[in-house]
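Peer 1:
Residue numbers (this note's numbering): 9 to 86.
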């Protein structure tokens, strides 16, 4: 768990794209040897889509934009 309080965002790195490049290189270096590059991209794209969907669900729930469910999430950001 993080020591951060709800509503405080971490400071972004100095150069976020170099961090993204470093993460991509780490993922490429730790994939199974028998897995080709194309086969490695699909699970990454699917996982990213899953995470984006969870963010969308939280935003919709926090803003009460679903008329059937109403507000389902709390928003701690001020």
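Where is the CB? At the ideal position from N, CA and C, for every residue including glycine.
Starting from residue 30, trace the alpha helix (DSSP H) both ways and give me its first and last residue.
Peer 2: The sequence position of residue 30 within the chain shown is 22, counting from 1. Start and end: 24 to 37.
Peer 1: Kindly indicate the opening and closing residues of the alpha helix (DSSP H) around residue 61.
Peer 2: As a first step, residue 61 must be located in the chain shown, where it is residue number 53. Following the DSSP letters along the chain, one finds residue 61 inside the alpha helix (DSSP H) bounded by residues 45 to 71.
Peer 1: With distances taken Cα to Cα, identify the nearest neighbour of residue 82 among 75, 67, 76, 74.
Peer 2: Stepping through the chain shown from its first residue, residue 82 is reached at position 74. Closest option to residue 82, Cα to Cα, is 67.
Peer 1: Quick one: what's got a C-beta closer than 6 Å to residue 80's C-beta in the same chain, skipping five residues either side?
Peer 2: Here residue 80 refers to the residue found at position 72 when the chain shown is read from its first residue. Here the set comprises 69.
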